[in-house]
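Peer 1: My questions all concern the structure below.
Residue numbers (the working numbering): 776 to 955.
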């Protein structure tokens, strides 16, 4: 089994370095092109993907639909793959006072009223556990968000707090995790 993971294409918030969690905005023109390029890369590299599981948020779902249509892959949405709730930081610039520090406090809710990293990890790990159990004989593409991709990385690879805080996944970057 192989689990592939990708982050949605670019949005205007991404382009402008704004914190994007629960705000449900679409891809911008660059993001639409990135999604198309991802779909073509999957087709041209002959990646065997049996199912796509995507966040239901517009930016992730559109990325997933683009890949699914070009490659004739069934798609399903799972709300547990929605982006991290960043609380009061939502929409602020990424260098907002306290944002980076809050991301390192695993048991503290983001922006006072969002999700803690422990809450986020619980929902993402539950998706991964279920995918591995349910699709053991299939290859799966997860289409989600930067914060979710970071947690997916921790599921498969150990990370220190510093590594976690600095880990980044680009828009429509594709990662591969082999399950034995």
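The C-beta atom is built at its ideal place from N, Cα and C for all residues, glycine as well.
Can you say whether residue 795 is buried or exposed, counting buried as having 16 or more other CB atoms within 10 angstroms of its CB?
Peer 2: Residue 795 comes out buried.
Peer 1: Just the C-alpha distance for residue 810 and residue 842, rounded to the nearest angstrom, thanks.
Peer 2: 7 angstroms
Peer 1: Going by the beta-carbon positions, is the gap between residue 890 and residue 863 smaller than 7 angstroms?
Peer 2: Taking 7 angstroms as the Cβ cut-off, residue 890 and residue 863 do not qualify as a contacting pair.
Peer 1: Report the three-state DSSP secondary structure of residue 854 (helix, strand or coil).
Peer 2: Reduced to three states, the DSSP call for residue 854 is helix.
Peer 1: Using the three-state DSSP reduction, which class does residue 948 fall into: helix, strand or coil?
Peer 2: coil
Peer 1: Under 7 angstroms between the Cβ atoms of residue 926 and residue 838?
Peer 2: no
Peer 1: Just mark residue 920 as buried or exposed, buried being the case when its beta carbon has 16 or more other beta carbons within 10 Å.
Peer 2: Its Cβ being crowded by 16 or more others within 10 Å, residue 920 is buried.
Peer 1: Which word fits residue 821, buried or exposed, when buried means at least 16 other C-beta atoms lie within 10 angstroms of its C-beta?
Peer 2: exposed
Peer 1: Am I right that residue 805 and residue 829 are in contact with their C-beta atoms under 8 angstroms? What's the rounded C-beta distance?
Peer 2: No, residue 805 and residue 829 are not in contact; Cβ-Cβ is about 19 angstroms, not under 8 angstroms.
Peer 1: Leaving out the 5 sequence neighbours to the left and right, which residues in its chain are closer than 7 angstroms to residue 881 when beta-carbon positions are compared?
Peer 2: Excluding residues within five positions, the ones whose Cβ falls inside 7 angstroms are 891, 892 and 893.
Peer 1: Considering residue 834, what are the terminal residues of the alpha helix (DSSP H) in which it resides?
Peer 2: Note, residue 834: alpha helix (DSSP H), 833 to 846.
Peer 1: Output yes or no for whether 7 angstroms exceeds the beta carbon distance between residue 825 and residue 953.
Peer 2: no
Peer 1: Any idea which residues DSSP pairs residue 918 with across the strands?
Peer 2: Per DSSP, 781 and 829.
Peer 1: Does DSSP put residue 790 in a helix, in a strand, or in coil?
Peer 2: helix
Peer 1: So what does DSSP say about residue 881, is it helix, strand or coil?
Peer 2: coil
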